[in-house]
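Asker:
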Amino acid sequence: MLPHWLNVMTDELNVCIRPNSLVIRRFKGVAGKTHCIDQQKIMMKKAVDHRDVEVAYLAKVLHTTLSQARWQAKTARVVLANSFVRYAVLPWNPVIKTDEEKQGYLQHLFVSLYGDVVKSWNKTISPSGFGQPAVASAIPTPLIQTIDEIFASLAIQLLSIQPYLMSVMNDAIAVIKSQQLQSLCWLTVISDGRLCLGLMSEGQWLWLKNVQQESDVIGQIELLIQRERLINSVFDKAVQQRYEQVMLLHWPDISVSSAIKIGSYRIIRLPSSKLFAKEQPDTQVARLIAS
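By the working numbering, the letter at position 56 of the sequence shown is numbered 180, and the numbering carries on one by one without gaps.
1) Return the chain-ordered list of same chain residues with a C-beta closer than 7 Å to the C-beta of ASP360, the five sequence neighbours on each side being excluded.
2) Within 10 angstroms of the Cβ of LYS385, are there 16 or more other Cβ atoms? Answer buried if so, exposed if not.
3) Going by the beta-carbon positions, is the gap between ASN246 and ILE268 smaller than 8 Å?
4) Mind checking TRP331: buried by the 16 CB within 10 Å criterion, or exposed?
5) Which residues share a DSSP beta bridge with ASN246?
6) If you count every other CB in all the chains shown that lies within 10 Å of the CB of GLY239, and 16 or more means buried, which is it?
7) Tell me the DSSP secondary structure of TRP216 in three-state form.
8) Check whether the stretch 203 to 214 touches the stretch 310 to 319, counting contact only when three or more Cβ pairs, one atom from each stretch, lie closer than 8 Å.
9) By how many angstroms is the C-alpha of ILE161 removed from the C-alpha of TYR211?
10) Tell me whether the beta-carbon of GLU136 lies closer than 8 Å to the beta-carbon of ARG201.
11) Does DSSP classify VAL209 as helix, strand or coil?
12) Would you report the Cα separation of ALA180 and ARG142, rounded to the nearest angstrom?
13) Out of SER307, ILE274 and SER382, state which residue places its alpha-carbon closest to the alpha-carbon of VAL363.
14) Roughly how many whole angstroms lie between the Cα atoms of LEU347 and MET293?
15) Closest to PRO264 by C-alpha separation, out of PRO287, SER339, ASP295 and LEU305, would be which residue?
16) Among residues of its own chain, excluding the 5 on either side of SER284, which ones have a beta-carbon nearer than 8 Å to its beta-carbon?
17) Between the C-alpha atoms of HIS374 and SER302, what's the straight-line distance to the nearest angstrom?
18) Taking Cβ to Cβ, would you say CYS309 is nearer than 8 Å to MET324?
19) Have a look at the DSSP bridge pairing and note the partners of PHE151.
20) In or out: ILE355 buried (at least 16 other Cβ within 10 Å) or exposed?
21) How long is the line joining the alpha carbons of GLN196 and GLU178, rounded to whole angstroms?
22) Taking Cβ to Cβ, would you say LEU146 is nearer than 8 Å to VAL185?
23) With DSSP collapsed to three states, give me the class of LEU394.
24) Along the chain, where does the beta strand (DSSP E) that runs through LYS421 open and close?
25) Going by DSSP in three states, ASN294 sits in which element: helix, strand or coil?
26) By the DSSP assignment, the beta strand (DSSP E) with VAL241 in it spans what residues?
27) Using alpha carbons as the reference points, say which of LYS157, VAL213 and ILE148 lies closest to HIS187.
28) Helix or strand or just coil, what does DSSP make of LYS333?
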């Protein structure tokens with residue numbers, strides 16, 4: 125039997141898959157007290173994207189990279205950029221009783237929002253309280269299968285594949301609780317050419333959009349909100365009832381010293397993840413060119 129301290133030792137990879145790069149970090153230590161011992165950003169010759177994921181190329185990049193001794197950790201967690209994921213708020217429906225009915229309800233929602241292209245995608249629902257709406261995500265099934273197969277072939281236990289927005293949502297909820305913010309808050313996430321915009325009220329997600337980022341992203345945010353208020357009476361009523369509105373902003377590519385003004389919202393900057401920020405001078409970069 126292994127000593128107790130060996131049972132809690134952690135040796136884990138965090139692999140972030142972005143449209144043009146991989147960011148890999150290796151953490152070691154004891155549970156809850158790990159530190160990064162190695163990291164690398166790898167630029168890919170071919171951009172990968174949700175519309176036409178070249179899974180063979182991505183598989184080659186992953187396998188070639190993770191086969192190196194420096195990345196032979198015991199476990200791994202994968203984070204997918206928002207460009208690979210589609211999101212939706214699944215309203216509570218008391219009529220839905222079984223898992224099969226819930227999956228059918230989920231399928232109908234995503235197809236109505238994004239069309240038949242997402243029919244075969246892998247769809248999951250985040251945990252939510254009884255009677256509350258839930259955030260759901262959809263990821264191309266070939267992408268999920270490729271990631272699973274690569275880690276299995278390398279004997280690295282894959283613990284999770286998580287959309288980037290979900291980790292930011294967790295950070296946002298922590299800030300809302302710690303600062304005792306009012307019950308209605310906006311969440312804006314800008315990364316990898318995607319704009320994710322959501323509205324939370326009384327701890328429940330009311331609305332969520334994930335769209336291509338435009339050049340005038342500030343104007344785009346304001347226009348999306350105005351447009352939704354015109355077509356969604358429930359949304360408009362929730363917004364009208366609050367005088368001051370807080371917007372939690374996660375924008376890794378913008379300096380923390382930059383002043384950002386969006387309408388009349390009170391902006392609170394969320395911590396920027398090093399995985400999604402612009403390259404720093406000391407970042408290790410390797411260019412991988414597949415034949």
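Glycine is no exception: its CB is placed at the ideal position from the N, C-alpha and C atoms.
Answerer: Checking against the coordinates, here is how it stands:
1) Reading the sequence shown from its first residue, position 236 is the one you call residue 360. Its chain contains ARG353 as the residues whose beta carbon lies nearer than 7 Å to that of ASP360, once the 5 sequence neighbours on both sides are disregarded; these appear in chain order.
2) For the purposes of this step, residue 385 is taken as the residue at position 261 of the sequence shown. LYS385 should be labelled exposed.
3) For the purposes of this step, residue 246 is identified with residue 122 of the sequence shown, where counting begins at 1. For the purposes of this step, residue 268 is identified with residue 144 of the sequence shown, where counting begins at 1. Yes, the Cβ-Cβ distance between ASN246 and ILE268 is below 8 Å.
4) Position 207 of the sequence shown, counting from 1, holds the residue named residue 331. Its Cβ being crowded by 16 or more others within 10 Å, TRP331 is buried.
5) As a working mapping, residue 246 is identified with position 122 in the sequence shown. Residue pairing by DSSP places ASN246 opposite ILE263 in a beta bridge.
6) To locate residue 239, count along the sequence shown from 1; it is residue 115. The Cβ neighbour count for GLY239, taken over all protein chains shown within 10 Å, is under 16; the residue is labelled exposed.
7) One-based indexing of the sequence shown puts residue 216 at position 92. Coil at TRP216, not helix or strand.
8) With a cut-off of 8 Å, the stretch 310 to 319 and the stretch 203 to 214 count as touching, because enough Cβ pairs lie within range.
9) Against the sequence shown, residue 211 aligns to sequence position 87. Against the sequence shown, residue 161 aligns to sequence position 37. Spanning the two alpha carbons is a distance of roughly 33 Å.
10) Start at 1 with the first residue of the sequence shown, and residue 136 comes out as number 12. Start at 1 with the first residue of the sequence shown, and residue 201 comes out as number 77. Their beta carbons are under 8 Å apart, which means GLU136 touches ARG201 by this criterion.
11) Numbered from its first residue, the sequence shown carries residue 209 at position 85. Residue state, collapsed to three classes: coil.
12) For the purposes of this step, residue 180 is taken as the residue at position 56 of the sequence shown. For the purposes of this step, residue 142 is taken as the residue at position 18 of the sequence shown. Cα to Cα, the separation comes out at about 16 Å.
13) Along the sequence shown, one-based indexing puts residue 363 at 239. That would be SER307, whose Cα lies nearest to the Cα of VAL363.
14) One-based indexing of the sequence shown puts residue 347 at position 223. One-based indexing of the sequence shown puts residue 293 at position 169. It is roughly 22 Å from the alpha-carbon of LEU347 to the alpha-carbon of MET293.
15) In the sequence shown, counting from the first residue as 1, residue 264 sits at position 140. Ranking PRO287, SER339, ASP295 and LEU305 by Cα distance to PRO264 puts PRO287 first.
16) Numbered from its first residue, the sequence shown carries residue 284 at position 160. Around SER284, the same chain offers ARG201 and VAL202 as residues with beta carbons nearer than 8 Å, after the five sequence neighbours per side are excluded.
17) Your numbering for residue 374 matches position 250 in the sequence shown. Your numbering for residue 302 matches position 178 in the sequence shown. Distance between HIS374 and SER302, taken at the CA atoms: about 17 Å.
18) Position 185 of the sequence shown holds residue 309. Position 200 of the sequence shown holds residue 324. At the C-beta level, CYS309 and MET324 come within 8 Å of one another.
19) Locating residue 151 in the sequence shown gives position 27, counting from the first residue. PHE151 is bridged to GLU136 and CYS160.
20) Taking the sequence shown and counting its residues from 1, the one referred to as residue 355 is at position 231. ILE355 should be labelled exposed.
21) By 1-based counting over the sequence shown, the position of residue 196 is 72. By 1-based counting over the sequence shown, the position of residue 178 is 54. Those two C-alpha atoms are separated by around 25 Å.
22) Locating residue 146 in the sequence shown gives position 22, counting from the first residue. Locating residue 185 in the sequence shown gives position 61, counting from the first residue. Yes. Within cutoff.
23) Position 270 of the sequence shown, counting from 1, holds the residue named residue 394. DSSP places LEU394 outside both helix and strand once states are collapsed to three, so it counts as coil.
24) Any answer about residue 421 is impossible in this case: the structure gives the chain only from 125 up to 415.
25) The residue labelled residue 294 in the question sits at position 170 within the sequence shown. ASN294 falls in the helix class under three-state DSSP.
26) On the sequence shown, position 117 is the one that residue 241 refers to. From DSSP, VAL241 is part of no beta strand (DSSP E); its letter is neither H nor E.
27) In the sequence shown, the residue the question calls residue 187 occupies position 63. With distances taken between Cα atoms, HIS187 lies closest to ILE148.
28) Here residue 333 refers to the residue found at position 209 of the sequence shown. Here DSSP, grouped into helix, strand and coil, assigns LYS333 to strand.
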